[in-house]
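These notes concern the structure reproduced below.
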Amino acid sequence: MKPKFGIVVFPGSNCDYDAYYSVKKVLGFDAEFLWHKEKDLKSCDVIILPGGFSYGDYLRTGAIAKFSPILEKIVTFAENGGVVFGICNGFQILLETGLLPGVMIQNESLKFVCKDIYLKIENKETVFTKGIKKETIKIPIKHGEGNYYTDEITLKEMLTNHQIIFTYSSSDGTVSKKYNPNGSLKNIAGISNKRKNVMGMMPHPENACDPILRKTDGALIFRSIAKHFN
Amino acid sequence: MFKATVIVKRRPKILDPQGKAVEQGAKLLGFNNVKQTRIGKYIEFFVETNDLKSAEKEVKEYSEKLLSNPIMEDFEFTLMEVKSPIEEVSHSKDEVK
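Going down the list, the protein sequences come from chains A and B.
According to the working numbering, the first sequence is numbered sequentially starting from 96.
According to the working numbering, the second sequence is numbered sequentially starting from 280.
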């Protein structure tokens, strides 16, 4: 079965079309936009919360988007085991809704970072990573607030439950401060909930799918998700 | 009617990159006694009720649910009884003069 991806559009989303293009036109899966004011997930199998600056990032990133009508449906969908994937601002929204633990603060450097980085796959037993054979993948980041933080107790819990999915690393998988682009705790780039059906990541896999971009590792994540529905 | 002012502060343990950067500016200006600059948020609004208890309840909930993120921020607020927002605004204009 080909899964249907639902891409939520908030006022201020700007990677929604990138996600749609990559999922539908490049990878050939079914995809549909879901306006944030709707309350219908249109029988989508996977929900993508895309990158951008929902509500202008006012107050805190993702803080206002969490009250969009569709979020209520997405929370129920996630609680019932539905696959939810937050990218960049989508990750920040998942943190604000509490579907994922922790918070995102400004990059330590205070600079907006836009570059290709390597991610070490820390957990290959999730819907999002099961199909990936590589140890590291190359994906671009573009954010000003990607500095992940959580308290020690939560971090310990996340480690015990293998909820850290991606960390910033070297091309050969060395995880150290040198490869940390934003000051993120433990080089965290992507995490999941305990059940592993909800994941958020700061890097943009949808910008690394089309071969014309000369990087296609992002496709591995979407293919892994799709494989789950086979 | 009440005028509410809410101050949202980042918890002391949590890094404040903005505060740090601003403090670097302070050092460049020669303000060497300035230490531990932290940047928070100041939010003001009116609450349309005459009951102090219910105003307090509403402001507290608003602060908890939206204005602050309890994982990284604390908030404090004050309430001041006012006649109407318009009077309040014209009054503060007078003060400026």
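Positions of the beta carbon are idealized from the N, C-alpha and C atoms, including for glycine.
Residues are counted here when their Cβ sits less than 8 angstroms from a Cβ of chain B; for the segment 151-180 of chain A these are L154, R155, A158, I159, F162, given in chain order. Nearest Cα to A314 of chain A within the set A:F172, A:I102, A:A114: A:A114.
What L294 of chain B touches in chain A, judged by beta-carbon distance under 9 angstroms, is I200, Q201, E203, N242, Y244, G278, going in chain order.
Take the alpha-carbon of E301 of chain A and the one of H131 of chain A: they are about 20 angstroms apart. Against chain A, the CB of M280 of chain B has no partner CB under 7 angstroms away; the residue lies outside that interface. For N282 of chain A, there is no enclosing alpha helix (DSSP H), as DSSP marks it with neither H nor E. With contact defined as three or more Cβ pairs closer than 8 angstroms, the segment 253-272 of chain A and the segment 300-309 of chain B are not in contact.
Annotation: T328 of chain B to A303 of chain A spans about 53 angstroms, alpha carbon to alpha carbon.
By the Cβ criterion, the segment 263-271 of chain A is not in contact with the segment 139-157 of chain A, since fewer than three pairs of Cβ atoms, one from each stretch, lie closer than 8 angstroms.
Nearest to F186 of chain A by C-alpha distance, out of A:D267, A:N175, A:G176, A:V198, is A:V198.
Secondary structure at H238 of chain A: strand, using DSSP grouped into helix, strand and coil.
In the DSSP assignment, no residue is bridged to S265 of chain A. Listed along chain A are Q201, L205, each with a C-beta nearer than 8 angstroms to that of Q297 of chain B. At least one CB of chain A lies nearer than 7 angstroms to the CB of A300 of chain B. In chain order, V198, I200, Y244 make up the part of chain A whose C-beta sits under 8 angstroms from the C-beta of M351 of chain B. Judged by DSSP in its simplified three-state form, Y244 of chain A adopts strand.
No residue range can be given for F124 of chain A, since it is assigned to no alpha helix (DSSP H) and is classified by DSSP as neither H nor E. Leaving aside the five residues that flank I316 of chain A on each side, the residues in its chain whose CB is nearer than 6 angstroms to its CB run, in chain order, F223, P300. DSSP places R155 of chain A outside both helix and strand once states are collapsed to three, so it counts as coil. DSSP places D353 of chain B within a strand segment (E or B) once states are collapsed to three. For N242 of chain A, the closest of A:V118, A:F207, A:K322 by C-alpha to C-alpha distance is A:F207. Each residue's CA atom was taken as its position, placing Y321 of chain B and P291 of chain B some 17 angstroms apart. Each residue's CA atom was taken as its position, placing F105 of chain A and I159 of chain A some 10 angstroms apart. Contact between K233 of chain A and D312 of chain A holds, since their C-beta atoms are separated by about 5 angstroms, short of 8 angstroms. For T221 of chain A, the closest alpha carbon among the candidates A:S287, A:I165, A:L166 is that of A:S287. Taking 4 residues as the shortest admissible run, the segment 311-348 of chain B contains the following complete alpha helix (DSSP H) segments, listed from N- to C-terminal end: 331-341. C110 of chain A and G177 of chain A have their C-alpha atoms roughly 22 angstroms apart. Taking a beta-carbon distance threshold of 7 angstroms, N348 of chain B counts as an interface residue toward chain A. Taking 7 angstroms as the cut-off, the beta carbon of E191 of chain A is found closer than this to the beta carbon of G157 of chain A. Of the residues assessed, D140 of chain A falls on the buried side of the cut-off, its CB having 16 or more other CB atoms within 10 angstroms. A straight line joining the alpha-carbon of V121 of chain A with that of I318 of chain B spans about 44 angstroms.
DSSP places S163 of chain A in the coil class of the three-state scheme, outside both helix and strand.
In the three-state scheme derived from DSSP, where H, G and I count as helix and E and B as strand, T284 of chain B is classed as strand.
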